[in-house]
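Here the structure comes first, spelled out in structure tokens, and everything after it is commentary.
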Amino acid sequence: MSLEVLALVALLPILVALVLMVGMRWPATKAMPLAWLTAAAGAVIVWGLPVKYVAALTLQGFITAIGILIIVFGAILILRTLQQSGGMETIQYGMQNITPDRRIQAIIIGYMFAAFLEGAAGFGTPAALAAPLLLSLGFPPLAAAIVCLVFNSFPVTFGAVGTPVVLGLKYLAPGVDQAVASGVAGLNFANMGDFNSVIGQWATVMNLAMIFILPVFMLGFITRYFGPERSWKPGLAAWKFCIFAAVSFTVPYMFFAWNVGPEFPSLIGGLVGLGIIIAGAKAGFCVPKTAWNFGDSSKWDPEWTGTVSGGSTDFKPHMSQFKAWLPYILIGAILVVTRIPELGIKGVLAAQAIKFSHILGYKSVNGAIAYLYLPGTIPFTLVAILTIAIHGMPSSKVKAAWSQAIVTMKNPTIALFAAVALVSIFRGSGIADAALNPNNYPSMPLAMAKAVAGIAGNAWPMVASYVGGLGAFITGSNTVSDLLFAEFQWGVATQLELPRQIIVAAQAVGGGMGNMICIHNIVAVCAVVGLSGMEGAILKRTVVPFVLYGIVVGIVASLLSFVFVPGIF
């Protein structure tokens, strides 16, 4: 069967999900099971995979989904606990004392605080924590979700202490070593560690423009579609603070990427930048003279709201700001301590896992739930329990928080089980085993990528990042996107005689921007802000900045590939 036909068959489940969720406005709870069924049918009928093997891959997806759901539950539990303890209202009161301007709050929490969370933990943590915080400050749930999904892009290139680069590119090691040994021109590094650092360095260059453009664009986008004026102007009026925030993040971000390595750019950039812009906002530095908000919540479009209440309120403090923020401080500190390998705790927690080996008898199909390493357990649930004592919560409040969190999990559970099972089929469809893959077809994602590469030719630098975005959209992870497509990107660059590290860096950046449209993240953030069933409405809006991001990255990657002398790379 031709590559083009295979690519179309592989594309069908994605089209089913898009048409049903975006076009017909179906909830993910109904759309994703049908998308999974389409993928399973294609795997059996076209790829020739055994039905039992597809069932094993589906079960593997369910196991992975449980891990994601633990993260979602932990994030919801933190939110509900703080709401019941009075800590959230105290935070709201304090944030309004920093600035009542929703535009500035969006930058502080959605742009900078989320960047720190991504650098420390990744795996959907930023949107799951930052979106409820914006919601509680008076953002419409739909706006809070979109802001956090879109801003969770440029920090994702490095993810949790460099995981997408360090782990995501591991399959490139043999090719890198061989190319270096062969003396390929332009490959100025000695080993895989140096190569990872080079990828991180060029990735920051490709992200750089959007680090400055994205906050200005998104504030304009939010005021245009969610503001009482329905105009881009109020959002664009805060451009000075956006530039101030971008500089505050970029300086440490670039410094660590170019001088230390890929582990800490997002984490340090977010942490340092957060301190700087909070101080700046308190001092009124670059803050617009007139505060802006979303207007009377009674006049909001019903589509903007969900089952979790939002809207402006006169907030009152119930405790000190330090005590109210202490759960978040603990979360940040625990994330850092448990994610730095040199401290030794990461290895201990990661080793504690429930393992599922040789599912349905297939040696290649395995799963595991690292129940202590998942941020939903440590630190989210752990800190939620500690907060009971920290905030002196009565048992009735504790019971209410846990009950609300459990009830909220129904819809995302259905959607995520189907979505992650689809991903598992996608990844397992290209197995190198004649008994399971009799036609030796490439995996479904790889078939789509190869078809696009055949069409793009030497214009590949313009579209390379979209392949990374496709991987993140399908798999829900920049790390997995890099694992899936890094070797392919290296091969295309070699075949077209393009600088390989530039194309691989575009892949890493694309995987980050793909988080905007990633079904897993959209389902998760919908759950925590009470918008389950509105996934299509969010995807329809986040695809716009996704396309913009890819165009800008494509231009930069093309310039780096064709304008500069390849030997300097």
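Using numbering that gives the first Met the number 0, the first residue of the sequence shown is number 0, and each one after it goes up by one. No residue lacks a Cβ here, since even glycine has one placed at the ideal position from N, Cα and C. These figures come from a predicted structure and were not determined experimentally.
Of the residues V45, L76, S196, the one placed nearest V164, counting alpha carbons only: S196
Which whole runs of the alpha helix (DSSP H) in the stretch 410-470 are 4 residues long or more, in chain order? 443-455
If we ignore side chains and look at the alpha-carbon of each, how far apart do P460 and F487 end up? Distance between the alpha carbons of P460 and F487 is about 13 Å.
Classify F263 as helix, strand or coil using the three-state DSSP reduction. coil
What are the start and end residues of the alpha helix (DSSP H) that includes F561? 534-561
Buried/exposed call for P125, threshold 16 Cβ in 10 Å: buried
Give the C-beta separation of G216 and P544 to the nearest angstrom, bearing in mind that I take them to be a contact with Cβ-Cβ under 8 Å. The residue asked about is misnamed: residue 216 is Phe in this sequence, not Gly. About 7 Å separates the two Cβ atoms, so the contact holds.
Among F255, T222, L385, the one whose alpha carbon lies nearest that of W201: F255
Assuming the contact rule is C-beta atoms closer than 8 Å, R101 and N292 should be a hit. Round their C-beta distance to whole Å, please. The beta-carbon separation of R101 and N292, rounded to 5 Å, stays under the 8 Å limit for a contact.
Compute the beta-carbon to beta-carbon distance between I198 and A504, rounded to the nearest angstrom, for a pair I have assumed lies under 8 Å. 5 Å
Determine the DSSP secondary structure at A367, reduced to helix, strand or coil. strand
Mind reading off the beta-carbon distance from T407 to T162? Whole number of angstroms is fine, and I expect it under 8 Å. Rounded, the Cβ-Cβ distance is 28 Å, inconsistent with contact.
Assuming the contact rule is C-beta atoms closer than 8 Å, I518 and F484 should be a hit. Round their C-beta distance to whole Å, please. Not confirmed; about 18 Å, so no contact.
Sorted by chain position, which residues of the same chain lie with C-beta nearer than 7 Å to V528's C-beta, five sequence neighbours on each side aside? A130, P131, L134, P140, A143, A144, G305, V307
Sorted by chain position, which residues of the same chain lie with C-beta nearer than 6 Å to Y548's C-beta, five sequence neighbours on each side aside? M209, M512
Is it buried or exposed, L14, if we count other Cβ atoms within 10 angstroms and call 16 or more buried? exposed
State the start and end residues of the unbroken alpha helix (DSSP H) segment that holds K396. 394-407
Residues near A64 in its chain [Cβ-Cβ closer than 6 Å; skip 5 each side]: L415, F416, V419
If we ignore side chains and look at the alpha-carbon of each, how far apart do S560 and V491 end up? 13 Å
Answer yes or no: do I106 and F240 have a C-beta to C-beta separation smaller than 8 Å? Result yes, Cβ atoms of I106 and F240 sit closer than 8 Å.
Just curious, the beta strand (DSSP E) that I106 is in, first and last residue? No beta strand (DSSP E) contains I106, which DSSP labels as neither H nor E.
Measure the C-alpha to C-alpha separation of A383 and K354 and round it to an integer number of angstroms. The alpha-carbon separation between A383 and K354 amounts to approximately 26 Å.
Is there at least one Cβ from chain C nearer than 8 Å to F157's Cβ? Given the protein chain composition of this structure (a single chain), no chain C is represented.
Between V552 and M205, is the Cβ-Cβ spacing less than 8 Å? yes
Sort S464, L373, I389, K539 by Cα distance to G73 and report the nearest one. L373
Taking the beta strand (DSSP E) that K354 belongs to, which residues open and close that run? 353-355
Just the C-alpha distance for I44 and G366, rounded to the nearest angstrom, thanks. 25 Å
Taking 8 Å as the cut-off, does the stretch 152-159 touch the stretch 264-279 (at least 3 CB pairs, one atom from each stretch)? yes
S464: buried (16+ other C-beta within 10 angstroms of its C-beta) or exposed? buried
Per-residue DSSP class, three states only, for K51: helix
For N514, count neighbouring Cβ atoms within 10 angstroms of its own Cβ and tell me buried if that reaches 16, exposed if not. buried
Check for me: the alpha helix (DSSP H) holding Y649 runs from which residue to which? Nothing in the structure corresponds to residue 649, since the chain is present only between 0 and 568.
Cβ shell of I75 (< 6 Å), same chain only, five flanking positions each side left out: So the list reads A404, T407, V527, once near-sequence residues are dropped.
N- and C-terminal bounds of the alpha helix (DSSP H) containing N258: 238-258
State the Cα-Cα distance for the pair I276 and Y110, rounded to the nearest angstrom. 11 Å
Starting from Y110, trace the alpha helix (DSSP H) in both directions and tell me its first and last residue. From DSSP, Y110 is part of no alpha helix (DSSP H); its letter is neither H nor E.
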